[in-house]
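Each remark here refers to the structure printed beneath this line.
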Amino acid sequence: MIRFPESINAGAALLAEIEKRSGQRLSACYQCGRCTSTCVAAFAFDYPPHRLMRLLQVGMVREVLASRAAQLCLDCMTCSMRCPMKLDVAGVIETAKAVADEAGLKDSERDLRLFRRGFLNNVRRHGRLHEAGLFFWFNLRTNNLFNDAGLLPPMLRKKNFHFVPPRIRHRRQVRRLFQQINGRQG
Amino acid sequence: MLGVFICQCGTNISATVDTGAVAAAAAGMRGVAHAESIQYTCSDPGQAAIGAAVREKRLDRIVIAACSPRMHEATFRRALERAGLNPYMMEMVNIREQCSWIHADTGEATMKAVDLVRKAVARIRAHVPLQGGKTAAVRRALVIGGGIAGIRAALDISAAGIPVTLVEKSPSIGGNMARLDKTFPTLDCSSCILTPLMVEIKQHDHIELMTNAEVDDVRGLVGDFQIDIRRRSTCVDEEKCTGCMICQEKCPAPAPDDFNAGLCQSKAISVAFPQAVPLVASLRKQYCRRFNGGKCRLCQKLCPAGAVDYGQEDEVVSRSFGAVVAATGYGHYDWTGSYPTFGKGLYPDVITSAQYERLLSASGPTGGLIRRPSDGAEPRQVAFVSCVGSRDESAGRPQCCSVGCMYTAKQAILTKEHIPDSQSYIFYIDMRAGGKNYEEFVRRAQTRYGAIFIRGRVGRIFPRRGKLVVMGTDTLAGDQVEIEADLVVLAAGLTAAPGAGELARKLNIACDETGFMAEEHPKLRPVEAAAAGVFLAGACQGPKDIPATVAQAGAAAAKVIGLLSRGELETSPMVSAVNPSRCAGCFKCRDVCPFGAIDKDRLADGLVTARVIESLCRGCGICNAACPPGAISLNGYTDKQLLAELVEVLR
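Sequence order for the protein chains is A and B.
The first sequence begins at 1 in the working numbering and counts up by one.
The second sequence begins at 187 in the working numbering and counts up by one.
Rendered as structure tokens:
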């Protein structure tokens, strides 16, 4: 049961943070559901996009931060394109994702978070993705050494799997890109 | 002796302005014999307090600091009159809209209010009593637009014995209502209600009907508008045409059928629809072969009445009117631009509710059988999509169309009545059924007719194997929805009628941000437009359904009758006046006057001076500014008054 005003009060600080960072006013949403109507990932969500927005409105921010949906959102931005109130729904979910990471909410989709972190670190280090590095790093961290091992033979055959990290020319600039984005988010 | 009244307007003013302090400050101003703060000055006790102060303190002029003069100047003028004073010995100070509502700091707002009152006190010391004149009013009204609003207004005005000219842009009266099949919430047939009224218009002795006609130019003002009406050439003599439609049958040139919302084709020469009033053909030159380089004269040759005249030209008719009713109705929102995910109008079986109305109607292109446009098949699964171009800021249209919920429920009911084994799905966001018996009607659509209501918007519509896939959401079930429909009906929003903005400019009235004509005040003056003598009826003022439209048309008619029944109007005394001893006869004033209100006057000693024609003067004051010797001045706004005001402001 949602209890007012307790729910609103409990979620107020986090909600303000999400509104500030995403630049969106959650109260503008009138729950028409258009975001959900063409969401390609909603089949895997625990809450469809319009319900994420509603949960935020009534202060149940922790449910949103801990949701599978916030982690599984593909950032395809279709919802943001279609919203009749011009709300950036994907931006709100993306912000919730970042806030959840910072708040250290570790109970949902732990592997997914880990993978995302490993992926981004990998790209930052090498300038582009080093599949082999990510593969071993992730499998070691998740204690599942042979995860996706079936993909190895075809990748090796196609020479898509390199043990030596790639070297691209403007690695520094990619790194600076990461710094800029981090600076903006901080 | 001067009285100052500071209105608290409940808390509207007193929350931000210390009205007591303003009254105390006013009491100390020169010439002020009485100053008080009143809770609601416009109320009965408020007006009584003014009267009492006038009698006790022998006040002869009053300053009232309250709301905008647009709101209550007339109210307080009447109060002064009842208190035995000249109604123009009053000055209103706006400390609400221009002070309390827009300031947050009480100290500053109070200071500003005191300044405004001081300025008015200085100004009113130079006031002199003014007397309004009387002018004859033309006992004829113009109604613009021949839909249900215009028809009702014309009939109601003429019932009081006041002649009416009804101007309609298209070839027939009837408007949007003539296109409807049945009407909510009673499901009576639209034609059965409307067509008898259309006939009554035509047969009425006091109503002059002009179709294919538009307002060209408007001059003059309330009581005496001079209006040019352009009657467009239709190449058909209205007197001779019998409406036999032989011309339409034989005409080889196709043209869009406006009456059937583009669902089928008509001909270049045609009768608008079989129940048209007047029942005459009209020729649309842009589609006619003869007017596009061809040699065809078929209609002229075949017309048994000899009514076709290719040489007919536009005719401009000038008339005088005492009052005008604008009843231009609404237009349909063109959804194809803003909803690319609905197919931009490329899928023939995605139609608008206006088109669906024609499919339902017995007088429509399918004779009342529901046949989908693409292959003529009878649809089984029909999806209705509400709020297309309504409540959608991304399409620039935040407003509610106010009728979509109801007519969609109606169309779902009619679908079931036409095709008993059909299933309707209604995507809605909020079901708005506020009128009398409306909620019961919507419930019936659900319970008795089995329409499935889905709360959520549609995101995408696309064709698949001869059907249309509608992707939406059921926000109540919390899941995505996919429907394979045979036909999709979009409840497109309502817009102002095409050309309404242009007409509003000619009539010198305002439109709001959504393009609909603006009323003076939603509660105090709901059918009055910004220009005196111009009234609004029906959907030209905002989206509304037929019951509300008819009620408003009656209200507008009552206002016209009230205005014109006395035969004369009181004119404002705030007009220019010439001091002949100062006038040099240069006539700069005549050059600048936009209303032609300056005439020559020959004095007894032979000198020629300017003279103001008071019935034409609108009190704009341009002549005052132009007059080199300062001989012409505006009553109520003399140089002396304005300078006194200015000195106080600048002090």
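For every residue, glycine included, the Cβ atom is placed at its ideal position computed from N, Cα and C.
Local Cβ density within 10 Å of residue i, reported as buried at 16 or more and exposed below that
i, result
"B:Lys-826", "exposed"
"B:Gly-575", "buried"
"B:Pro-371", "buried"
"B:Ala-201", "exposed"
"B:Ser-608", "buried"
"B:Glu-706", "buried"
"B:Gly-189", "buried"
"A:Tyr-30", "exposed"
"A:Gly-186", "Note that A:Gly-186 scores 44 on pLDDT, short of 50, meaning its location in the model is unreliable and no value can be drawn from it."
"A:Leu-55", "buried"
"A:Phe-45", "buried"
"A:Cys-73", "buried"
"B:Phe-702", "buried"
"B:Leu-802", "buried"
"A:His-162", "exposed"
"B:Thr-428", "exposed"
"B:Ala-260", "exposed"
"A:Asn-143", "exposed"
"B:Lys-745", "buried"
Beta-carbon neighbours of residue i, restricted to chain A and to distances below 8 Å
i, result
"B:Arg-643", "Cys-32, Gly-33, Arg-34, Ser-37 and Pro-84"
Of the listed residues the options, nearest to residue i (C-alpha basis)
i, options, result
"B:Ile-393", "B:Arg-338, B:Ala-441, B:Val-401 and B:Ala-744", "B:Arg-338"
"B:Val-644", "A:Cys-32, A:Ser-7 and A:Gly-91", "A:Cys-32"
"B:Arg-241", "B:Ile-224, B:Ile-250, B:Leu-266 and B:Ala-260", "B:Leu-266"
"B:Phe-613", "B:Gly-582, B:Pro-814 and B:Val-674", "B:Val-674"
"A:Phe-4", "A:Gly-59, A:Arg-176, A:His-170 and A:Ala-70", "A:Gly-59"
"B:Glu-277", "B:Val-835, B:Ala-563, B:Ala-252 and B:Ser-376", "B:Ala-252"
"B:Gln-585", "B:Asp-391, B:Arg-263 and B:Pro-729", "B:Pro-729"
"B:Tyr-533", "B:Val-794, B:Ala-581, B:Glu-668 and B:Ile-647", "B:Ile-647"
"A:Arg-167", "A:Asn-122, A:Pro-154 and A:Leu-152", "A:Asn-122"
"B:Leu-245", "B:Phe-262, B:Leu-271, B:Tyr-635 and B:Gln-225", "B:Leu-271"
"A:Val-40", "A:Asp-111, A:Arg-21, A:Cys-79 and A:Lys-20", "A:Cys-79"
"B:Gln-317", "B:Asp-402, B:Arg-618, B:Tyr-274 and B:Tyr-496", "B:Tyr-274"
"B:Asp-410", "B:Arg-641, B:Ala-322 and B:Ser-377", "B:Ala-322"
"B:Leu-555", "B:Ala-811, B:His-604 and B:Tyr-611", "B:His-604"
"B:Arg-641", "B:Thr-296, B:Asn-623, B:Met-592 and B:Val-571", "B:Val-571"
"B:Leu-373", "B:Ser-456, B:Asn-623, B:Ala-213 and B:Lys-305", "B:Asn-623"
"B:Ala-295", "B:Ser-344, B:Ala-207, B:Ala-239 and B:Cys-228", "B:Ala-207"
"B:Leu-465", "B:Glu-670, B:Val-494 and B:Met-431", "B:Met-431"
"B:Pro-606", "B:Gly-621, B:Ala-631 and B:Tyr-635", "B:Tyr-635"
"B:Gly-685", "B:Arg-256, B:Asp-402 and B:Cys-450", "B:Asp-402"
Under 9 Å by beta carbon: chain B residues contacting residue i
i, result
"A:Gln-50", "Inspection of the sequence shows that residue 50 of chain A is occupied by His rather than by Gln. Within chain B, the residues near A:His-50 are Gly-642, Thr-659, Thr-661 and Gly-664."
Under 7 Å by beta carbon: chain B residues contacting residue i
i, result
"A:Ala-42", "Gln-666"
Neighbouring residues, chain A, relative to residue i (Cβ below 9 Å)
i, result
"B:Ile-669", "Under the 9 Å cutoff, chain A gives no residues; its nearest Cβ is about 11 Å from B:Ile-669."
Partners in chain A for residue i, counting only beta-carbon separations shorter than 7 Å
i, result
"B:Ile-612", "Near B:Ile-612 there are no residues of chain A at all, since even the closest Cβ is about 14 Å away, more than 7 Å."
C-beta neighbour in chain E for residue i, strict 8 Å
i, result
"B:Asn-821", "No chain E appears in this structure, whose protein chains are A and B."
Which of the residues in the region 573 to 584 of chain B, read from start to end, lie with their CB under 8 Å from any CB of chain A?
-> Cys-573, Arg-577, Asp-578, Glu-579, Ser-580 and Ala-581
Return the residues of the region 647 to 665 of chain B that lie within a Cβ-Cβ distance of less than 8 Å from chain A, sorted by chain order.
-> Met-657, Gly-658, Thr-659, Asp-660, Thr-661, Gly-664 and Asp-665
Is the region 690 to 700 of chain B in contact with the region 651 to 660 of chain B, if contact means three or more CB pairs nearer than 8 Å?
-> no
The region 341 to 360 of chain B touching the region 536 to 555 of chain B, judged by at least three CB pairs closer than 8 Å = no
Mind listing which residues of the region 596 to 622 of chain B have their C-beta closer than 7 Å to chain A's C-betas, in chain order?
-> Ile-615
May I ask you to verify whether the region 106 to 120 of chain A touches the region 80 to 95 of chain A, counting CB pairs closer than 8 Å and requiring at least 3?
-> no
Do three or more CB pairs link the region 329 to 348 of chain B to the region 300 to 307 of chain B at distances below 8 Å?
-> no
If you pair each beta-carbon of the region 471 to 489 of chain B with each one of the region 505 to 516 of chain B, do three or more pairs fall below 8 Å?
-> no
Touch test, the region 620 to 635 of chain B against the region 586 to 604 of chain B, Cβ-Cβ under 8 Å, three pairs minimum = yes
Taking one C-beta from the region 279 to 286 of chain B and one from the region 198 to 218 of chain B each time, how about it: are there three or more such pairs within less than 8 Å?
-> yes
Is it true that the region 576 to 592 of chain B meets the region 675 to 682 of chain B, where meeting means three or more beta-carbon pairs spaced less than 8 Å apart?
-> yes
Taking 8 Å as the threshold, find out whether the region 512 to 528 of chain B comes into contact with the region 706 to 726 of chain B through three or more Cβ pairs.
-> yes
Would you call the region 809 to 823 of chain B and the region 760 to 776 of chain B touching, i.e. three or more CB-CB distances under 8 Å?
-> yes
Counting Cβ pairs closer than 8 Å, one from the region 463 to 479 of chain B and one from the region 438 to 452 of chain B, do we hit at least three?
-> yes
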